[in-house]
Amino acid sequence: MQSEPDSIVEKSPKGRFIRFNEQIGKGTYKTVYRGYDEESGCEIAWNVVHLDQLPQQEERKRISEELNILNNIKHPNIISLINAWISKNKCEVIFITEIVHGGSLKKHLRKIQRPRLKILKHWCREILKGLEYLHSISPYPVIHRDIKCDNIFINTHNNQVRIGDFGLAIKLQQQDFTQSVLGTPEFMAPEIYEEKYGPPVDIYAFGMTCLEMATQRRPYEECTAPNQIYQKVINRIKPKTLDLIQNQDLKQFILKCLEDQEKRPTASELLNDKFLNESEDDNQHVVILEEEQNEQILESTILKYDPVFREQLDFNSSILIQLNESDEMHIKITFTDLTKYNSSFQEFVKTSVQKYLDLQKPEQFAAFQEEIQKQGGIDKVVWVKPSEESKKIMKTQFLQSLEQFQSTVSTLLQDVDINEWELIEQQILVQFQQQRKQTKSRLPN
1 MQSEPDSIVE
11 KSPKGRFIRF
21 NEQIGKGTYK
31 TVYRGYDEES
41 GCEIAWNVVH
51 LDQLPQQEER
61 KRISEELNIL
71 NNIKHPNIIS
81 LINAWISKNK
91 CEVIFITEIV
101 HGGSLKKHLR
111 KIQRPRLKIL
121 KHWCREILKG
131 LEYLHSISPY
141 PVIHRDIKCD
151 NIFINTHNNQ
161 VRIGDFGLAI
171 KLQQQDFTQS
181 VLGTPEFMAP
191 EIYEEKYGPP
201 VDIYAFGMTC
211 LEMATQRRPY
221 EECTAPNQIY
231 QKVINRIKPK
241 TLDLIQNQDL
251 KQFILKCLED
261 QEKRPTASEL
271 LNDKFLNESE
281 DDNQHVVILE
291 EEQNEQILES
301 TILKYDPVFR
311 EQLDFNSSIL
321 IQLNESDEMH
331 IKITFTDLTK
341 YNSSFQEFVK
351 TSVQKYLDLQ
361 KPEQFAAFQE
371 EIQKQGGIDK
381 VVWVKPSEES
391 KKIMKTQFLQ
401 SLEQFQSTVS
411 TLLQDVDINE
421 WELIEQQILV
431 QFQQQRKQTK
441 SRLPN
């Protein structure tokens with residue numbers, strides 16, 4: 001029979017703390033339950049770390065360090081440790097912390113519309129005060145190393161924000177920098193991958209946290225794997241969601257946090273930043289571009305900077321329309337300026353279009369080649385019988401060409417200046433990925 005959430009399932013060795021059957025949080029190795037402190041009469045968070053599930057001795061050492069750090073931290077914007085003990089029969093470490101009604105900021109953001117600017121500023125100040133305290137602890141500063149909305153907790157009764165989950169925190173001790181790659185990829189500063197870093201990594205993560213608070217979307221959501229995030233981070237390519245923010249003061253505030261570590265401001269300096277001052281816009285909700293608006297801006301940027309890429313996108317769309325709507329399929333593609341691309345790109349274009357030719361009519365391919373040579377571009381209508389089999393082949397070839405196109409463009413642009421690469425990577429290729437997603441959904445089954 002299943003216990004009720006208010007059922008008492010466990011007590012601390014001395015009987016002061018009670019654990020209820022209500023789980024309020026869960027991590028890889030830690031489970032958090034609602035509990036009660038009979039001495040103070042307050043609810044508490046009963047944290048259980050399962051030692052037998054930790055992969056190696058190093059992880060166990062980290063738990064010990066977390067408790068040691070928490071035991072010496074007292075600040076209104078940081079969750080306090082009340083007590084801790086080891087349960088040898090269960091192979092568990094239990095530590096009791098304050099409970100924050102409202103849960104994580106991540107969970108809270110899911111419940112509300114976009115926050116007003118003054119609320120966002122308030123949250124920023126609260127987090128920065130906590131970081132300022134951690135980074136000024138003497139003799140050795142404490143680096144949290146995992147600042148993100150999941151690890152920021154909000155008391156919804158008074159809107160107080162607290163930093164929690166010190167599982168990756170570390171004291172700098174004698175060295176100026178630490179060496180280990182730990183954290184959440186979307187929030188990890190470039191220098192973490194170089195394994196030489198200090199308190200500025202928390203400021204970088206704070207900047208990404210601000211971005212998530214403002215947009216309610218995870219940084220680098222356009223990436224599908226940690227390695228893609230890594231490539232963007234080490235090349236200083238900002239998350240796509242940053243382009244959605246319309247408030248320029250907020251955007252600049254976030255960008256300051258994402259500077260290289262030697263230029264990155266401290267928590268104290270950010271607390272004095274003009275963005276956190278009161279302003280006339282404070283009662284307005286944080287404004288971000290809707291997806292559709294952003295796509296329109298990206299599309300106009302592509303038209304402005306690179307008409308050739310726009311033509312390729314139009315080409316992909318035209319194949320779809322004709323394939324689904326006509327007994328005869330007509331493909332038209334125009335590339336306007338091939339002179340600035342090298343021969344490998346031009347060869348790719350020829351190969352891609354060749355896939356859609358009816359190879360049973362060689363005169364079509366000959367005419368196509370003649371057109372290429374005559375105009376230096378492509379302007380050709382190709383007819384193909386859309387049998388069910390040819391539709392299937394077309395679908396396969398079409399999807400392959402989309403993958404090939406993206407791969408080819410990335411290869412060709414490897415040596416481009418970093419600023420130009422950022423523009424193309426974030427605007428042109430992102431638009432291409434969106435186009436691919438749309439066209440896949442419209443392909444015949």
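Quick note on UniProt numbering: the sequence shown kicks off at 1 and runs consecutively. Ideal Cβ positions, reconstructed from N, Cα and C, are used throughout, including at glycine.
Check: Runs of 3 residues minimum, wholly inside the stretch 69-99: which ones carry the beta strand (DSSP E) assignment?; Outcome: 81-87 and 92-98
Check: Taking just the CA atoms, how far does T241 sit from D327?; Outcome: Because D327 sits at a pLDDT of 42, beneath the cut-off of 50, its placement in the model cannot be relied upon, and the following sentence gives the value as read from the coordinates. So the alpha carbons of these two residues sit roughly 42 Å apart.
Check: Thinking C-alpha only, which one of F275, Y204 and H50 is nearest I143?; Outcome: Y204
Check: Bridge partners for R116 per DSSP, in chain order?; Outcome: H285
Check: Is the separation between the beta-carbon of K121 and that of L276 shorter than 9 Å?; Outcome: yes
Check: Relative to the alpha-carbon of L128, which residue among I147, K111 and P139 has its alpha-carbon at the smallest distance?; Outcome: I147
Check: Pull up the distance between the alpha-carbon of P141 and that of E221, whole angstroms please.; Outcome: 32 Å
Check: So which of P115, P139 and E262 has the shortest CA-CA distance to V201?; Outcome: E262
Check: Between the C-alpha atoms of E311 and Q284, what's the straight-line distance to the nearest angstrom?; Outcome: Its pLDDT being 48, under 50, E311 is placed unreliably by the model, and the measurement read from it follows with that caveat. About 40 Å.
Check: Can you tell which of N47, C210 and Y197 has its C-alpha closest to the C-alpha of E92?; Outcome: N47
Check: If you draw a straight line from the alpha carbon of E186 to that of G27, how long is it in whole angstroms?; Outcome: 18 Å
Check: Between which two residues does the alpha helix (DSSP H) harbouring H108 extend?; Outcome: L105 to K111
Check: Ends of the beta strand (DSSP E) at C42?; Outcome: C42 to H50
Check: Just to confirm before moving on: does the CB-CB distance between F153 and G102 stay below 9 Å?; Outcome: yes
Check: Which value, in whole angstroms, describes the spacing of the CA atoms of K196 and E269?; Outcome: 22 Å
Check: Given that a residue counts as buried once 16 or more other Cβ atoms are within 10 Å of its Cβ, and exposed if not, what is E126?; Outcome: buried
Check: For L211 versus P199, is the C-beta distance shorter than 9 Å?; Outcome: no
Check: For my contact list, V100 and I119 are in at a C-beta cut-off of 8 Å; report their separation, rounded to the angstrom.; Outcome: About 17 Å; that fails the 8 Å criterion.
Check: Would you give the residue range spanned by the beta strand (DSSP E) that D37 belongs to?; Outcome: K30 to D37
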